[in-house]
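Respectively, the protein sequence lines represent chains A, B and C.
Taking the working numbering, the leading residue of the first sequence gets -2, the next gets one more, and so forth.
Taking the working numbering, the leading residue of the second sequence gets 775, the next gets one more, and so forth.
Taking the working numbering, the leading residue of the third sequence gets 8, the next gets one more, and so forth.
Each residue gets a CB set at the ideal place from its N, CA and C atoms; glycine is no exception.
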Amino acid sequence: MADIILKAKSPLDGFSRDWPGITLREVTGRALVSVSIPHGGEAALGQKLSQVYGTIIPAVGESTASPVDNAHLLGLARDQFFILFDEGGQAPLAAVSAKLAEVAYLTDQSDSWAMLHISGPNSRAALARICLLDLHPDHFQTGQVARTVMEHLGVIILRDGADSFLLLSARSSAQSFLHAVTVSAENVT
Amino acid sequence: MIIHHPLLGPRDAAEFYVLGDAALIDRPDGQAEDAAERFYGYLYLRDNPAGEHRELWYHEQGDRSWLVVTRDTLTHEIKKVELARDVALQKGRGQ
Amino acid sequence: MTQVFRIEGGLINRAKPLSFQFNGRAMQGYEGDTLASALLANGQRLVGRSFKYHRPRGIFTAGSEEPNALVQLREGAFQEPNTRATVAELFDGLTARSQNHRGSLEFDLMAVNDLLSPFLTAGFYYKTFMWPKAFWETLYEPVIRAAAGLGRLSMEEDPDKYDKGFLHCDLLVIGAGPAGLSAALLAGRSGARVILADEDFRMGGRLNAETLAIGDQTGADWAASTVAELAAMANVSLMPRTTVYGAYDHGIYGALERRTDHLAHSNGKPRQVLWRIYSKRTVLCAGATERPIAFGNNDRPGVMLAGAVRAYVNRYGAAPGKRVAVFTNNDDGWRTAHDLAAKGIAVAAVIDVREKAGVTAPNGVESFLGCRVVDIKGRKGIKSVILSNGQAILTDCLAVSGGWNPNVHLTCHQRGKPVWREELNAFVPGRDLPVGMVVAGAAKGEMTLGAALKDGADQAAEVLTALGRSVPAGDRPTAEDEPSTGTAFWYVKESSKRAWLDLQNDVTVKDVKLSQQEGFRSVEHLKRYTTLGMATDQGKTANIPALAVMADCTGKTIPETGTTIFRPPYTPVPIGALGGRARGRNFRPTRLTTSHQWAQDQGAVFVEVGPWLRAQWYPKEGETHWRDSVDREVKGTRRSVGICDVTTLGKIDVQGRDAAEFLNRVYANGFAKLAVGRVRYGLMLREDGMVMDDGTTARLGECHYVMTTTTANAVNVFRHLEFCRQCLWPGMDVHIISATEQFAQYAVAGPNARNVLQKIVDPEFDLSNEGFPFMACGEVTVCGGTQARLFRISFSGELAYEVAVPARYGDAMIRALMQAGAEYDAVPYGTEALSVMRIEKGHPVGNELTGQTTARDLGMARMVSKKKDCIGNVLSERDGLNDEDGLALVGFKPVDRSRSLKAGAHFVAKGKPVTTENDEGWMSSVAYSPELGHAIGLGFIRRGAERHGEIVVAADLLRGELTEVEITSAHFIDPEGERLRG
């Protein structure tokens, strides 16, 4: 039906709020595709990655970066990583598929996650109310990534700066997750 | 408890789901002559040691790997943690 | 009267006076006071009534071990019962009331219990309230409940907020007394990440209460300067007002931080935070607790532990009396006399049970060696004490010291048992400590200041070495060892009056003896029989003296008698703090589908399905009963077209070279030959042969499938698939990832489903029956180019499709579908209509798949492949699961069509009594079928498949209904499936 155009909605309607020492924003415009490494296909995928992204397969818990589509590769499991990149003209899956279809199994995850970015000197104190991981900078360094649980919800956390974290949690429970983070910010400021 | 994940380091047991005896890896051949007998043993006959026990733990809120955790059920001391996939491969499981 | 007992000095801020009220009386105190010290400064010695006998009680200690001075703090919904006045920090406007009396504190009507005490001995309840049985509920319990307890709940919702959190450190130092500060200082200087936690609001522990010196500083000054140095270190986190209450596995500790309890208002911030602390190593510096000596009437207001007297005098500048006597079995007691004398407070006498003491009394103070206190005169306050030599000494306060018990509690939380140290007459930590813990200072039995300081640093140094850190060089704090010898002396045998051991639960020496006489000799029995140590203070001052009495009675030693088990928490933790922020709707997360906002706008009624909220039905104006809405939705769908959000079904992306073989093994039915572009129903078994889940799986590409699971089982199935792929067949190239959240998925069902979808799906895709037949699937685009997946599957039995779009378009998609369906009077339908239609079609769901259901029970035995090895097929062939007399899923109709059916009813043959023996099965799902115009049901009954047409009775004994029902096929509508293939 030509007269109906589907309008996209972000999981948190572009949420944005500040507290003393804490900035919390929904991240939009970033695509996410999971990449599973075929058995015995690590070398081939590694080669391809270095060709098209100029980077390597991230170790579990680490991330690598590429200027191509401003991509971050998040190592989440021994045979799986996520590519987080800027949305362009193409659908997310098509964009990665064009580069890696032959050497990996891909699944679009762009709509599966709500993305929140928390930063500022009090952000670690706020996260300590819900995150059981040790986020001390000596222990969880910039570029490191982890998959864990906060307030019963699965979360992927990436440290992208000194006091700066990207948080990914499931889209359907995004409001509950946002509530968990805002209550934490409220409680520590 | 803290489980020292072979890939991720120390993680709180709260991130895991525990299944029980790691003997569940040793699934018998369903096409074997005496399959019924063997499956009965596999599924229903378990040791319940007061002491060292090999258990399957699943890192559900993590990297989704199944682990074989060797744990003392009396003291909760964890002596060894391995990836279940590696254990299964060592046991000759494949396809 | 204003602070007539206030004296010079102390660590209180006299520039900051505070007003407070006790039992409605206005009083003054200072910043730095506890409620207890302020009450003493104001001359308030009677502060409460005891639990059982309602005896007048005063302040007994100066710390968290307090058994007596429990008050009801604050007002209205904020009030908190059983708050220890000795740790309640004074703030301006504080209000407190005494507890456990009827009438005023001074004239408690319940004090009559004290006169009845000969009848209220240990085990009284067990002996008395046994008969007659009927009296329990009608008389005994109401009376006991009215009399029991200490404080009262407000019965209002707690308006305060609470929170939880997680902390990590290399070294956790528990307790900021001399050993703790010494340990933290060394560790802090090493650069290690240190957390120093102390229950007090002022760190320093006994240093703040004593007059001992460290180098050329007073102990309190040294503590303050050390705390200042630690506070300046970025790697050290100071946590005052924080009680580490439990030691758990692998270096995990529970701690309660009181963040706003010292303020008049919380200002919207959490009052308390419950922390889980992960430590690599822990130094326990929990100090020691002074114990009393039991003698006649030793519970009178004015009897106080000797160390507490020093704390009030030295730290708080509050005199517990005007003329104080000391009763001791060790050198420490004498120090109290000296500190009092130094403050100009009259010391009436020092009474030491020992024939010889290594210390001397202050000038002009009479001392009685080899002497004991046998009785106290004065009811609401001491007037005099009577000595074993018959002499009476006029005094208004008696400082008692029976020696000190190391605080071993946390060392025992992981099954550790303390060991007896003869020369200390006390238990010290045993060898089996929680993993990563070392103990330092008085908690370990290093009872003098010099030893505690040294031990703190030594233990920290050892721990730092173990952590691979270098131990900082430099001066360590030192002090002299004060005299600290003592003797084992527990209770005064010649006292004829009741001698009190557990002040909070009113347990006397006589009670312990009675317990022994009646055969309750093990400490665990003693505890339960007498209630010794079972009050909120857990017997911190009472247990060891009581053990000593029991040992004395049985002729055993104290270590042979043993202690009861120490369990967390060390001091009480409020339920509110344990709950944290998980209250009300924040108890657990909620999952919403992308059509939620739209459904809400339509006035949908929602139902919880696990964490999901799903639209249950969509009421229209004029509909007065849910059935009106549901019937309309079912009819509208079957007549034309209905639309339902099915997003919540689990979706798992399965990819890999071996994906086909993998599915073939996890499903009981064959999957090897499913063609690309086709969907198949899959039945998943557990290894024991029971049905685990069912759903459809679509083959999107050569190596790419998408599996659906039921909403409830999505997580379990995913875990199971990971188990299969990692543990059973690790060599297979198969990869799974959840795609549940990625897509918003809508079912479009009914004769006009195709017509509606043709307006949505872009025209280049052929939706004709030939081009896209039943059980077809494929990638399409919708609304001018949006990527989507289309499945021709049907749960309702109608011509139906499911269309999935990326979740960001979910909201737009439901609106688009409704707009496209408008010309066909499309209805949105909820889970209730969905359920009606699936019952009409005989599809099993959770009601049927109970975990005890086999494929055979469902009439799907033929689907379980015998040709392949798949999960569950071997054990599904067990004899017990293949009984000819076994259950089968069939349909039921009421013989009287006007009657309703009830799920949960059991079937019995007509004419047979409704008994367990005659039970033949049960009704699992029921609905009213608008299509048929009567109630229908699904259920399991023995040999059901052969019994179509038979009439049985559905007996619902809960609701008292017997209904004759006819056994039919489970497929009530379109049994041949013509509609869904049309």
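According to the Cβ coordinates, are residue i and residue j closer than 8 Å?
i	j	result
I284(C)	Y260(C)	yes
P937(C)	K642(C)	yes
M240(C)	I202(C)	no
Q106(C)	G158(C)	yes
A467(C)	A45(C)	no
L987(C)	E805(C)	yes
R950(C)	A895(C)	yes
T704(C)	F678(C)	yes
G463(C)	A447(C)	yes
P618(C)	S166(A)	no
How should residue i be labelled, buried or exposed, when 16 other C-beta atoms within 10 angstroms of its C-beta is the threshold for buried?
i	result
C967(C)	This sequence places Gly at residue 967(C); Cys is not what is there. Exposed, because fewer than 16 other Cβ atoms sit within 10 Å of the Cβ of G967(C).
Q106(A)	buried
F594(C)	exposed
M162(C)	exposed
D808(B)	exposed
D76(A)	buried
P277(C)	buried
Report the residue from the options whose alpha carbon sits nearest the alpha carbon of residue i.
i	options	result
G583(C)	V810(C), Y169(C), N49(C)	Y169(C)
F899(C)	N925(C), E938(C), V960(C)	V960(C)
D403(C)	H420(C), K384(C), L394(C), R21(C)	K384(C)
P2(C)	L42(C), T90(C), F114(C)	A question about residue 2(C) goes unanswered here, because the residues of chain C that appear run from 8 up to 989.
L130(A)	A123(A), A143(A), S120(A), N119(A)	A143(A)
V381(C)	R639(C), R505(C), E487(C)	R505(C)
A235(C)	M210(C), N215(C), T225(C)	M210(C)
P901(C)	D864(C), T857(C), L969(C)	L969(C)
R687(C)	V673(C), R706(C), M699(C), F669(C)	R706(C)
A190(C)	V180(C), A199(C), L263(C)	V180(C)
S273(C)	R81(C), G940(C), I400(C), L620(C)	R81(C)
L521(C)	P125(C), N762(C), G253(C)	P125(C)
T93(C)	G663(C), W427(C), D544(C)	D544(C)
A912(C)	L508(C), D886(C), F173(C), G944(C)	G944(C)
F750(C)	T601(C), F947(C), R342(C), L160(C)	T601(C)
V713(C)	L103(A), A68(A), P55(A), F82(A)	L103(A)
D513(C)	Y536(C), E983(C), E628(C), G324(C)	Y536(C)
F725(C)	Q35(C), H711(C), H742(C), H257(C)	H742(C)
E830(C)	D981(C), G649(C), A934(C), A868(C)	G649(C)
I1(A)	E891(C), K873(C), Q765(C), K848(C)	Q765(C)
Hey, is residue i's beta-carbon within less than 8 Å of any beta-carbon in chain E?
i	result
A74(A)	Among the chains of the structure shown, chain E does not appear; the protein chains present are A, B and C.
Assign residue i to one of three DSSP states: helix, strand, or coil.
i	result
F813(B)	helix
N184(A)	helix
Q224(C)	strand
S883(C)	helix
C128(A)	coil
I54(A)	coil
T367(C)	coil
D509(C)	strand
T995(C)	Residue numbering for chain C in the displayed model covers 8 to 989; residue 995(C) lies beyond these limits and cannot be assessed.
P901(C)	strand
L865(C)	coil
Residues of the stretch 538 to 562 of chain C whose Cβ lies closer than 9 Å to any Cβ of chain A, in chain order: Of all residues in the stretch 538 to 562 of chain C, none has a Cβ within less than 9 Å of some Cβ in chain A.
Selection of the stretch 828 to 844 of chain B by Cβ proximity to chain C, strictly under 8 Å: Against chain C - using a Cβ distance shorter than 8 Å - the residues of the stretch 828 to 844 of chain B are L830, Y832, E834, R838, S839, W840.
Residues in the stretch 726 to 737 of chain C having any Cβ partner in chain B nearer than 7 Å: If the cut-off is 7 Å between Cβ atoms, the stretch 726 to 737 of chain C has R726, E729, F730, Q733, C734, L735, W736, P737 near chain B.
Residues of the stretch 233 to 259 of chain C whose Cβ lies closer than 9 Å to any Cβ of chain B, in chain order: For the stretch 233 to 259 of chain C, which is checked against every Cβ of chain B, the residues closer than 9 Å are Y255, D256, H257, G258, I259.
Members of the stretch 136 to 156 of chain A near chain B, C-beta cut-off 7 Å: The residues in question are R144, T145, V146, G151.
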